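Below is one structure, written out as structure tokens, with a few remarks after it.
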Amino acid sequence: MKPKKGRSDKKFQLSPDIRKRLTKRFPDTMVFDEPMSRHTSFRIGGPADIWAAPKTVDDLKRLLANFTGMEIPFMVIGKGTNLLVSESGIRGAAVSLSRLSGVIEKRDIGPGLAIVAAPSGMRLASLCSFALSEGLAGMNQVLGVPGSVGGAVRMNAGTNLGDIGMATDSVDVLLPGGDLKTFDRRSIRPGYRRLDIIDGDRPIRLDRSPVIRARFRLASGDRDALRALARGIVLKRKASQPLGVRSAGCIFRNPSSDQPAGRLIDQLGLKGKSFGDAQISTVHANFIVNRGDASASDILKLIGMVKEAVYNAFGITLETEVQIVGETS
Ligand SMILES: Cc1cc2nc3c(=O)[nH]c(=O)nc-3n(C[C@H](O)[C@H](O)[C@H](O)COP(=O)(O)OP(=O)(O)OC[C@H]3O[C@@H](n4cnc5c(N)ncnc54)[C@H](O)[C@@H]3O)c2cc1C
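For this note's numbering, count along the sequence shown from 1 and bump the result up by 2.
Written out as structure tokens, the structure reads:
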């Protein structure tokens, strides 16, 4: 089969000279040939030529300016909970925002209304806990979704209760020239597991422009009632999803709200089907789990088998929700 290009540049080669220059300029920020399996919830993925984890926005700016100047392709990573990285890994740089400093802040904006601002590298779970502890409602739709705040905003993470875009008030984005720009609700277009931001009449390319901070508009509620509701939501997730195992959440996008991909796969009796250590979860048919040592190819083969079976049975072409990165065959 012809190799397919994922989201890293297969032509790029990190020369010894660039390596030396980067090591000198960013001694504490980056490592080379870092296995991505250490940074994905699937625990799968070959090496990134460069793994960089800046601690401040200024460091990030300087880093991205250097990558651009040296023509090094890069991709931004949150907590790696929605990524399937190939065995060949990432050519160029994986830039993790999970060590970026920043604090969570709450600002009251009117009776019973507040804006909560969170740094993109923060765990989404921490933002949800903060909202609950402040007695603020509006984050239930992403309760229990793993990953970072930035990843959730970028993916417009959500559940059958809604998505994070419902609560998003504004986002700060680092533009390719190094300017930090805030986009408010008028410029933000949340879609199904995607976010578009429009700058004037131009769409922002979020793969070149990381989300640095996001603000959420939340309403006051009864703290105890909110906590009880949250407990119920989390318990339901625990009962219906394979949590605590190696996965990347739902593999496929739902073809429509009344035709969830998991139901179609379940109807075909595919739960438990495996290829190597990759297995269709026995708990939720839209999850593939890595039972130990699955490779990206094993997962992709299983994805291919499911797509074919669903197409043959229902005439529906499933599309992947998980982001596939690197060269695949
Ligand atoms: C057990 C499990 C359950 C899950 N359940 C759900 C669910 O119910 N609903 C749901 O929507 N998802 C779910 N997911 C998928 C995943 O958790 C979400 O998509 C999450 O929002 C991804 O966040 P992350 O930080 O891990 O992003 P990553 O996986 O690191 O990145 C995902 C994408 O976002 C981009 N990105 C990350 N951070 C930024 C940033 N700061 N700026 C710009 N781009 C960025 C990356 O380049 C990549 O394209 C689940 C995953 C697991 C493992």
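The C-beta atom is built at its ideal place from N, Cα and C for all residues, glycine as well.
These numbers come from a predicted model, not from an experiment.
What distance in whole Å lies between the Cβ atoms of residue j and residue i, which are believed to be in contact at a cut-off of 8 Å?
{"i": "V327", "j": "I106", "result": "Their Cβ separation, rounded to whole angstroms, is 29 Å, which puts V327 and I106 out of contact at 8 Å."}
{"i": "G80", "j": "S135", "result": "With a Cβ gap of about 23 Å, G80 and S135 do not count as contacting."}
{"i": "G271", "j": "S297", "result": "Not really, about 25 Å apart at Cβ, beyond 8 Å."}
{"i": "P75", "j": "F132", "result": "Their Cβ separation, rounded to whole angstroms, is 35 Å, which puts P75 and F132 out of contact at 8 Å."}
{"i": "A55", "j": "T31", "result": "7 Å"}
{"i": "A216", "j": "T170", "result": "6 Å"}
Taking the straight line between their C-alpha atoms, what separation do you get for residue i and residue j?
{"i": "F289", "j": "A250", "result": "8 Å"}
{"i": "K4", "j": "S331", "result": "Unreliable placement is indicated for K4, whose pLDDT of 45 sits below 50; the coordinate value is still reported in the next sentence. So the alpha carbons of these two residues sit roughly 6 Å apart."}
{"i": "G8", "j": "E329", "result": "Only weak support exists for where G8 lies, its pLDDT of 49 falling under 50; the coordinates are left without a value."}
{"i": "L138", "j": "L145", "result": "13 Å"}
{"i": "N314", "j": "E323", "result": "20 Å"}
{"i": "S276", "j": "M157", "result": "28 Å"}
{"i": "Q325", "j": "N84", "result": "6 Å"}
{"i": "R207", "j": "M307", "result": "32 Å"}
{"i": "S43", "j": "R204", "result": "34 Å"}
{"i": "K303", "j": "V97", "result": "28 Å"}
{"i": "I199", "j": "V155", "result": "11 Å"}
{"i": "I166", "j": "D19", "result": "43 Å"}
{"i": "G140", "j": "L220", "result": "5 Å"}
{"i": "R210", "j": "G274", "result": "38 Å"}
{"i": "S122", "j": "I318", "result": "36 Å"}
{"i": "L66", "j": "M124", "result": "20 Å"}
{"i": "D60", "j": "M77", "result": "18 Å"}
{"i": "A311", "j": "V285", "result": "19 Å"}
{"i": "G246", "j": "R191", "result": "32 Å"}
{"i": "S100", "j": "L266", "result": "35 Å"}
{"i": "D174", "j": "I253", "result": "29 Å"}
{"i": "Y194", "j": "G202", "result": "22 Å"}
{"i": "L231", "j": "R187", "result": "27 Å"}
So who's on the other strand from residue i, going by DSSP bridges?
{"i": "T161", "result": "G164"}
{"i": "K183", "result": "V175"}
{"i": "F218", "result": "V118 and T170"}
{"i": "S150", "result": "R125"}
{"i": "P37", "result": "P49"}
{"i": "V2", "result": "Residue 2 lies beyond the range of the chain shown here (3 to 331); nothing can be said about it."}
{"i": "A139", "result": "A221"}
{"i": "L197", "result": "P192"}
{"i": "R204", "result": "D201"}
{"i": "I326", "result": "L86"}
{"i": "V213", "result": "V175"}
Threshold first: 4 residues or longer. Then list the alpha helix (DSSP H) segments lying entirely within the region 246-322, N to C. 263-269 and 298-316
Within the region 40-107, note down every full beta strand (DSSP E) run reaching 3 residues or more, in order along the chain. 49-54, 76-79, 85-87 and 92-98
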